[in-house]
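Here's the structure we're looking at; comments come further down.
Numbering (this note's numbering), first residue to last: 4 to 168.
Here it is as C-alpha cells:
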C-alpha cells in the first residue's frame, strides 16, 4: 500500500495526470476509408472494412438543406472528397452514436479546415470552442467575402434549425 501511495504522489507531483482536456485526444483513433457519399457539406459517408459509416465533420456547421449555400457546401465537399480515400481522426461520438471527426484528404489537408477557409461553413464554437485555427480561418474567409460570407448577414445553421421547430 505504501509503494502504491508513493508512486501516486510521484506521478501527481510530476504532472502525470489525465486532465479532461486531454481525454478526447487520448481516446481518439484514426481509420481510413473511401468516401462513398456526401450527404451534406459537413456529413459524409465512408466505407471502412466493408461497412459504411456516417462521419459528421467536427467543429464546423454548414448551411442546412433549404438554406442558401447548402448546395454549394455540398458540392465543394464532393469535389474535395467523393470517391477518395481519406483518413478519419475520430474526435468523439454524438448522443446518437454517430462518429464525429476530422477528415484528412489524400493531400494531408483537413477537409474541415478547407471548408471553413473557403467560406462554406461556420466554425462551430459550441463544439470546438478553443480552436484558434478554425477561428482564424473563418475570420479570413469573412474578410475576403468568400462563399457564404458574400452575404451581409448569413443565418447560422443552428439559428435556422431552431426556427424550424
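The C-beta atom is built at its ideal place from N, Cα and C for all residues, glycine as well.
Note that the coordinates shown come from a computational prediction; the quantities given were computed from them, not determined experimentally.
Tell me which same chain residues have a C-beta within less than 7 Å of the C-beta of residue i, skipping the five on either side of it?
i           : result
residue 103 : 59, 61, 94, 95, 96, 97
residue 67  : 73, 160, 163, 164
residue 115 : 60, 61, 62, 63, 105, 106
residue 124 : 44, 45, 63, 64, 65, 76, 118
Please report how far the alpha carbon of residue i lies from the alpha carbon of residue j, in whole angstroms.
i           : j           : result
residue 131 : residue 54  : 28 Å
residue 33  : residue 89  : 10 Å
residue 51  : residue 112 : 20 Å
residue 158 : residue 138 : 18 Å
residue 81  : residue 146 : 25 Å
residue 143 : residue 100 : 33 Å
residue 110 : residue 92  : 15 Å
residue 38  : residue 71  : 25 Å
residue 126 : residue 136 : 10 Å
Counting C-beta neighbours from all protein chains within 10 Å, is the total for residue i 16 or more, i.e. buried, or is it exposed?
i           : result
residue 77  : buried
residue 44  : buried
residue 27  : Note that residue 27 scores 39 on pLDDT, short of 50, meaning its location in the model is unreliable; the coordinates nonetheless yield the value given after this. Exposed: under 16 other Cβ atoms inside 10 Å.
residue 150 : buried
residue 154 : exposed
residue 129 : exposed
residue 25  : The pLDDT assigned to residue 25 is 33, lower than 50, so where the model puts this residue is not dependable, and the model offers no usable value.
residue 133 : exposed
residue 122 : buried
residue 30  : With a pLDDT of only 49 at residue 30, under the threshold of 50, the placement of this residue in the model should not be trusted, and no figure is reported.
Excluding the five sequence neighbours on either side, which residues of its own chain have a C-beta within less than 6 Å of the C-beta of residue i, listed in chain order?
i          : result
residue 40 : 48
Spatial neighbours of residue i within its chain, please: CB distance less than 8 Å, with the 5 preceding and 5 following residues excluded, ordered by chain position.
i           : result
residue 108 : 83, 84, 87, 89, 114, 117
(request) Tell me the start and end of each unbroken beta strand (DSSP E) in the region 26-100 that is at least 3 residues and wholly inside, in chain order. (result) 33-43, 46-51, 54-60, 88-96
(request) Report the residue ranges of all alpha helix (DSSP H) runs contained in full by the region 127-162; include only those spanning at least 4 residues, in chain order. (result) 135-146
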